[in-house]
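Residue numbers (numbering that gives the first Met the number 0): 0 to 149.
From the three backbone atoms N, C-alpha and C, an ideal C-beta is built for every residue, glycine too.
These numbers come from a predicted model, not from an experiment.
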Amino acid sequence: MRTIRIAATALIVCTALAACAGQKAGDGTTTPTPTGASPVTELPTPDPTGSAPAPSPSDPVDPTAPTTRPTVRPSAPSKPPATGEITLTGRIESGVEPGCLLLDGYLLLGGPRDVLSAGASVTVTGRPDPTMMSTCQQGTPFVVASARRS
């Protein structure tokens, strides 16, 4: 019974190695295997009747040719983001995530939590920071410098 296990293990290892044998190390490409076909070494001769040869259905792709990426220019923002301090006034709404507060399309970050609560009418001063990451998934991040109820 032990001999059968060893033979089966050896067979599995050999099969795995044979499957990997055609790959070059590092790039994951496989080396071509011979197919028995002979390479084409001469061009076809023109038809003696004078008719043009039929075009080939498609040109072969050279896998070693360098690839070119299409030039994509980033689009300019429709309006520049506000970076200076601004004042917002309105009623705070709850976001879809717990603890997220929204005012006029801005996600309120920081500030006094006793003043900033869902449903409160407030006046908030601060600056938007569209580059800031947040788990709230909505609103432009707005760093609150000061807040008061209105």
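{"Item": "Closest Cα partner of Ser-120 within the set Gly-109, Met-132, Arg-147", "Value": "Arg-147"}
{"Item": "Beta-carbon spacing of Ser-145, Thr-124 below 7 Å", "Value": "yes"}
{"Item": "Chain-order list of residues whose beta-carbon lies under 6 Å from that of Leu-87 (same chain, five-residue window excluded)", "Value": "Leu-102, Asp-103, Val-123"}
{"Item": "Gly-138 versus Cys-99: straight-line alpha-carbon distance, rounded", "Value": "10 Å"}
{"Item": "First through last residue of the beta strand (DSSP E) which encompasses Ile-91", "Value": "No beta strand (DSSP E) contains Ile-91, which DSSP labels as neither H nor E."}
{"Item": "Reduced DSSP category for Ala-7 - H, G, I as helix; E, B as strand; rest coil", "Value": "helix"}
{"Item": "Residue burial classification, Gly-118 (beta-carbon count within 10 angstroms, cutoff 16)", "Value": "exposed"}
{"Item": "Inter-residue spacing [alpha-carbon to alpha-carbon] between Gly-83 and Asp-128", "Value": "10 Å"}
{"Item": "Where the beta strand (DSSP E) containing Val-142 begins and where it ends", "Value": "139–148"}
{"Item": "Identity of the residue in Val-142, Val-95, Ile-3, Pro-97 nearest Pro-111 by Cα", "Value": "Val-142"}
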